[in-house]
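Notes for the one structure printed next.
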């Protein structure tokens, strides 16, 4: 199709791949002109013959001097060559425009990240692996989440398909509504409710990022274009692509009625956090880690039995479980990347609402005061 659309390269008579620097050229001549046109005056181009060498498809590499001269002679424009910085800026603009038009890149999941089997929705094996108390607990988890979130799904104050945000603090304030609902959901979990208030605050703060990242896909299965544009504006292309990949991984699990709801509980009921790896503040250590571990273990074992009950075999369940853990590690990595990025934006942090400000580390002298905002949400 290229030869029909653009004809021959005006430099070497090869097959043109497009209009490059003003004229139809092949890819090798395009690259040659970009590489050498900017070197005029810096590097000498000398013809070893009479200055009129034949430049053809087969002999275009014989004489750089005559080839470059022909590039200019057929009309190639040196001023159209972009610098590395200009080319990077243009690529970012093209990427942003593509995302704005809804052309989300088809991110290729690494094979070992993809769930090998979809969990079956039959209940034929439930009684084999799930006790009556397990089934009651699963039902309570489902209804607790539905009670908190179902009323909010059509609430314009938390719907993420709102106008594009151009600042981090506006975006953070927007997603804070959904995060408050997550706190309400956790308060419905008996094991979380029995943890002391100080440890609840630590758990909510330590795992804010991953809970916030999972909220969007749970509430809306597709990412609105304006949210992608917001991510590009605030975080840049690298973190935006990581967000899209995270959402792609979540797509495999969002249609199960309770799977992600259990995972959120398990992740929050973890006394350890990557956020505390570089701190020596003893106040970041949970007061009752064994209580938290015991609470988490209830839901880890429940998750395993639930996956067994939905799998065709134990081997499939093991594969599914291991893939799921790999995906969770990816979500945690994304959360850490966002943390690192946001930590350098002190002015944006100051403009967030009190709850969102509390989600990031602060100087010790203000830590106790600001945690009151989180405590209010947990206790009330």
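Residue numbers (my numbering): 1 to 380.
The beta carbon of each residue, even a glycine, is placed where N, CA and C say it ideally should be.
Taken in chain order, the whole alpha helix (DSSP H) runs of length 4 or more contained in the stretch 233–304 are 237–251, 259–268. Bounds of the beta strand (DSSP E) holding residue 18 are 18–20. From the listed residues 331, 268, 302, the smallest Cα separation to residue 138 is found for 302.
DSSP places residue 23 inside the beta strand (DSSP E), whose first and last residues are 23–25.
Judged by their CB atoms, residue 62 and residue 13 are not nearer to each other than the 7 Å cut-off. Spanning the alpha carbons of residue 44 and residue 65 requires a straight line of approximately 9 Å. Under a 10 Å Cβ-count criterion, residue 354 is classified as exposed, with fewer than 16 other Cβ atoms of the shown protein chains found around its own Cβ.
The DSSP-derived three-state label of residue 308 is helix.
Between the alpha carbons of residue 25 and residue 52 lies a gap of roughly 20 Å. CA-to-CA, the gap between residue 75 and residue 82 works out to about 17 Å. For residue 134, the uninterrupted alpha helix (DSSP H) segment begins and ends at 132–149. Look at the stretch 326–368 and you find these whole runs of alpha helix (DSSP H), each 4 residues long or longer: 346–350, 354–357. With contacts defined as CB atoms closer than 7 Å, residue 186 and residue 242 fail to qualify as a contacting pair. Between the stretch 234–250 and the stretch 284–303 there are fewer than three inter-stretch CB-CB distances shorter than 8 Å, so the stretches are not counted as touching. For residue 179, the number of other beta carbons within 10 angstroms of its own is at least 16, and it is reported as buried. When rounded, the separation of the alpha-carbon atoms in residue 289 and residue 266 is 14 Å. An exposed status is given to residue 87, since fewer than 16 other beta-carbon atoms sit within 10 Å of its beta-carbon. Residue 168 is positioned such that its CB atom lies closer than 7 Å to that of residue 234. In the displayed model, residue 54 falls within coil according to three-state DSSP, outside both helix and strand.
Closest by C-alpha distance to residue 23, out of 35, 36, 7, 38, is 7. Of all alpha-carbon atoms in 356, 312, 149, the one lying nearest the alpha-carbon of residue 207 is that of 356.
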